[in-house]
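Encoded as structure tokens, the structure appears first; notes follow it.
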Amino acid sequence: METLITYLSVFAVGGVLCVIAQILIDKTKMTPARILVGYVVAGVVLTAVKLYGPLVKFAKAGATVPLTGFGYSLAQGVEKAVDEKGLIGVLTGGLTATAAGITAAIVFAFLAALFFKSKPK
Amino acid sequence: MNMDENYKKFAERHAPKSPIVKDCLMAFWVGGLICVIGQAFSDFYKSRGASEETTKMLVPVTLIFLAAIFTGIGVFDRIAKHAGAGTLVPITGFANSVVAPAIDNKAEGWILGLGAKIFIIAGPVILYGTLASVIYGLIYYIVGLF
Amino acid sequence: MLVSIKGDVRIFSYAAVGGAQEAKGPLGRAFDFIDESERFRQKTWEQSEGEMQRIALRKAMDKAGLSDGDVGHLFAGDLMNQCTSSSYGLMSFDIPHVGLYGACSTAAESISLASVMSDTTDSISAAVTSSHFCSAERQFRYPLEYGGQRTPTSQRTVTGSAAFLLGRGRGKIQVKQLMFGRSVDSKISDICNMGAAMAPAAVDTLTRFFEESGTQPQDYDKIVTGDLGREGFEITKMMMAQKGYNLDAVYDDCGLLIYNLAVQDMHAGGSGCGCSAVVAATSLFPAMERGEIRNLLFIGTGALMSPTSAQQGLPIASIAHLVHLSVM
Chain Z
9 METLITYLSV FAVGGVLCVI AQILIDKTKM TPARILVGYV VAGVVLTAVK LYGPLVKFAK
69 AGATVPLTGF GYSLAQGVEK AVDEKGLIGV LTGGLTATAA GITAAIVFAF LAALFFKSKP
129 K
Chain Y
2 MNMDENYKKF AERHAPKSPI VKDCLMAFWV GGLICVIGQA FSDFYKSRGA SEETTKMLVP
62 VTLIFLAAIF TGIGVFDRIA KHAGAGTLVP ITGFANSVVA PAIDNKAEGW ILGLGAKIFI
122 IAGPVILYGT LASVIYGLIY YIVGLF
Chain E
11 MLVSIKGDVR IFSYAAVGGA QEAKGPLGRA FDFIDESERF RQKTWEQSEG EMQRIALRKA
71 MDKAGLSDGD VGHLFAGDLM NQCTSSSYGL MSFDIPHVGL YGACSTAAES ISLASVMSDT
131 TDSISAAVTS SHFCSAERQF RYPLEYGGQR TPTSQRTVTG SAAFLLGRGR GKIQVKQLMF
191 GRSVDSKISD ICNMGAAMAP AAVDTLTRFF EESGTQPQDY DKIVTGDLGR EGFEITKMMM
251 AQKGYNLDAV YDDCGLLIYN LAVQDMHAGG SGCGCSAVVA ATSLFPAMER GEIRNLLFIG
311 TGALMSPTSA QQGLPIASIA HLVHLSVM
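Residue numbers (the numbering used here), protein chains in the order written: chain Z, 9 to 129; chain Y, 2 to 147; chain E, 11 to 338.
Encoded structure:
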């Protein structure tokens, strides 16, 4: 039962975060790149004002998988690094926390480029 | 010949609107489903004894890997056409925006094609995300001094 | 200014090449050559587009039994930066080459200039244009595998090329008059609504043509614009009606003719230099030769923005060139 509720909140919160972006795309003609930038920055800001942490506790992957979650990782990483290392942590914290994701994207993109060709649509 | 601003307004009014209800429903269930898949991987890794820290990194890596495969075999864009923000907003959209230019710009060479253009869409995300984290880090540091 | 071609210049041969989606459309069977892979045995999409031009021109020349030395000049254009599809694709022909850029209006533009050249020099001229969905997507929008959503007003770049041969004394389709367009500031900056951006240019050229020629829409069997799509088609009809010209009975748009929009998911219709060219070569001109259309106004419509001008926030400049054709 507990698992079901967790999964339902993951589904609902993740879905709602996508719906907000969809409304922005349809109503404002914002390009996808702008939406992604907006979401990452919003994730950092919402974490800073202590709103996103509780959402992650509640919705787990529903809050961490959307790109606001990338912003959450950046902000959390910088907090942790500043706590541990002081001022230098300002520079190292964000990318350290997100290094796995960014590196994975680079490596898998490179491998995909090795093995796949673009196709007509 | 020049048109005036009224024409722009007229054209915007005249244009058929995106089917927003259908778009939102699609975005909701596809986006929700991708998050559920993320959660399932998270639970799976934890059940195999991965720590909280490791799991937090493995889940996005897994989703990025899947998105790269789907992009490579030419399926991602077909799903995205219907799912819209449902595939864009999860980390899969970020992955697709790195993988797609990598595949596409190979024709212009490994350095100036693939190499230089790989972040043509995702670059701004990393740039402004990192900037935001640095600004927040500075504020956090200064506030922590008092 | 209305240009009259006095010396009996006619379009006497033409050929069209297309891709998979074009083959599935209502005109699919009328193409001279189709490659469903859309690669045309080339390594890059840009080269595929050039190869389409080569095949189209070769087929058109073969049909008329011409060799390179028989053709005086080539007028060719496409959507790629520096018109590379034309210059590289047609490199193998030993014919003087005039490169043109008129975006999607290039088919009408090249036929116009070719007819002027044939008229003044009494020689054979060729007009060739092309567009390729994959190369256009790469240059103007996103990488091919990128997952994006299209708005209802967006149009699909036609993968296709057509070549036309013009000269005196043979063939049935005579070039009578030309009206070149003016660059129009549409005030529209949404590159997913090019129909609305190009409609004012079509209206401007059509209006000037009717005024200067002293004719009315009903004097023609068909008036066909290049690639305005659903949006531009509706707006053009509306704006022309406001000016007192009722197009309803004779008006059509190549962007609506190339695909079966009820079945194929092409949003507002086709676009690109290839769109009006292949529709002319697979549908309009054959209908003229069969005598079903005797008097045709063919209006190529183009959106002249570049990725740079669009990113710098400039509205789309648009243009429309008109060719008046009639059957002998």
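Every residue gets a Cβ at the ideal spot worked out from N, C-alpha and C, and that includes glycine. Since the model is a prediction, treat every value here as computed from it, not as a measurement.
(message) Going by DSSP in three states, Arg-151/E sits in which element: helix, strand or coil?
(response) coil
Rounding to the nearest angstrom, what Cα-Cα distance links Ala-117/E and His-142/E in this structure?
14 Å
- Where in the region 131-193 of chain E do unbroken runs of the alpha helix (DSSP H), each at least 4 residues long, occur, reported from the N-terminal end onward? 143-150
Query raised in the report: What is the C-beta distance between Val-52/Z and Gly-130/Y, in whole angstroms, given that I count them as a contact (C-beta under 8 Å)?
Result: 7 Å
Worksheet entry | Residues of its chain near Val-29/E, where Cβ-Cβ distance is below 6 Å and the 5 sequence neighbours each way are ignored | The amino acid at residue 29/E is misidentified as Val; the sequence shows Gly. For Gly-29/E, where only same-chain residues beyond five positions count, the Cβ hits under 6 Å are Glu-48, Thr-169.
- prompt: If you count every other CB in all the chains shown that lies within 10 Å of the CB of Asn-106/Y, and 16 or more means buried, which is it?
  reply: buried
Check: Leaving out the 5 sequence neighbours to the left and right, which residues in its chain are closer than 7 Å to Val-32/Z when beta-carbon positions are compared?
Finding: The amino acid at residue 32/Z is misidentified as Val; the sequence shows Leu. Excluding sequence neighbours, Leu-32/Z sits near Met-38, Ile-43.
query: Hey, how far is the Cα of Gly-85/Z from the Cα of Thr-104/Z?
result: 7 Å
| said: Please tell me whether Ala-28/Y and Ala-86/Y are closer than 9 Å, where the distance is taken between their beta carbons. | reply: In this structure, Ala-86/Y lies closer than 9 Å to Ala-28/Y by Cβ.
Name the residue from Thr-100/Z, Ala-107/Z, Ala-113/Z, Gly-22/Z whose alpha carbon lies nearest to the alpha carbon of Val-37/Y.
Gly-22/Z
Figure out for me which residue from Ala-172/E, Ala-330/E, Phe-295/E has the closest Cα to the Cα of Ala-137/E. Ala-172/E
Is the shortest distance between the beta-carbon of Pro-128/Z and the beta-carbons of chain E less than 9 Å?
yes
- prompt: First and last residue of the beta strand (DSSP E) that includes Leu-306/E?
  reply: 305-313
Exercise. Is any beta-carbon of chain E found at less than 9 Å from that of Gly-73/Y?
Worked result: yes
**OP:** Could you tell me whether the region 10-21 of chain Z touches the region 62-74 of chain Z, using the rule of 3 or more Cβ pairs below 8 Å?
**Re:** yes
_Taking 8 Å as the cut-off, is the beta-carbon of Asp-237/E closer than that to any non-hydrogen atom of the ligand GDP?_
This structure does not include the ligand GDP; it has no bound ligands of any sort.
Can you list the residues of chain E that Gly-85/Y reaches, using a CB-CB cut of under 8 Å?
Gln-159
*Taking DSSP as the reference, what is the three-state secondary structure of Ser-199/E?*
coil
Q. With contact counted as at least three CB pairs below 8 Å, one residue from each stretch, are the region 54-74 of chain E and the region 313-326 of chain E in contact?
A. no
Can you tell me whether Arg-39/E is helix, strand or coil according to DSSP?
helix
So the alpha helix (DSSP H) Asp-262/E belongs to, where does it begin and stop? That residue, Asp-262/E, is in no alpha helix (DSSP H); its beta strand (DSSP E) goes 261-263.
Check whether the region 106-114 of chain Z and the region 52-65 of chain Y are in contact - that is, three or more C-beta pairs closer than 8 Å. yes
For His-107/E, list the residues DSSP reports as bridge partners.
For His-107/E, which the question treats as bridged, DSSP gives the partners Leu-84/E.
- How many whole angstroms separate the CB atoms of Ile-201/E and Ile-329/E, which I take to be in contact at a CB cut-off of 8 Å? Wrong, their Cβ atoms sit about 16 Å apart, outside the cutoff.
query = Are the beta-carbon atoms belonging to Leu-148/Z and Val-126/Y less than 9 Å from one another?
reply = Here chain Z comprises residues numbered 9 to 129, so residue 148/Z is not present and cannot be evaluated.
Margin query: Helix, strand or coil, according to DSSP, for Arg-240/E in the structure here?
Written below: helix
Where Lys-93/Z and Gly-145/Y are concerned, what is the direct C-alpha to C-alpha distance, given to the nearest angstrom? 12 Å
- Rounded to the nearest angstrom, how far is the Cβ of Ala-278/E from that of Thr-130/E, given a contact under 8 Å? Wrong, their Cβ atoms sit about 39 Å apart, outside the cutoff.
Does the beta carbon of Ile-33/Z come closer than 9 Å to any beta carbon on chain E?
-> yes
* **Assigned exposure category for Val-48/Z - 16 Cβ within 10 Å defines buried** => buried
**Message:** With H, G and I counted as helix, E and B as strand and the rest as coil, what does DSSP make of Val-57/Z?
**Reply:** coil
query: Going by DSSP, what residues sit across from Leu-12/E in a beta bridge?
result: Met-189/E
### Query
What are the boundary residues of the alpha helix (DSSP H) that His-1/Y is part of?
Chain Y is shown from 2 up to 147; residue 1/Y falls before or after that span and cannot be answered.
query: Any idea what DSSP makes of Phe-124/Z, helix, strand or coil?
result: coil
Checklist entry - Would you say Ala-120/Z and Ala-41/Y are within 9 Å of each other, going by their C-beta atoms? => result no
- Query: With 16 as the cutoff for other CB atoms within 10 Å, does Ser-120/E come out buried or exposed?
  - Reply: buried
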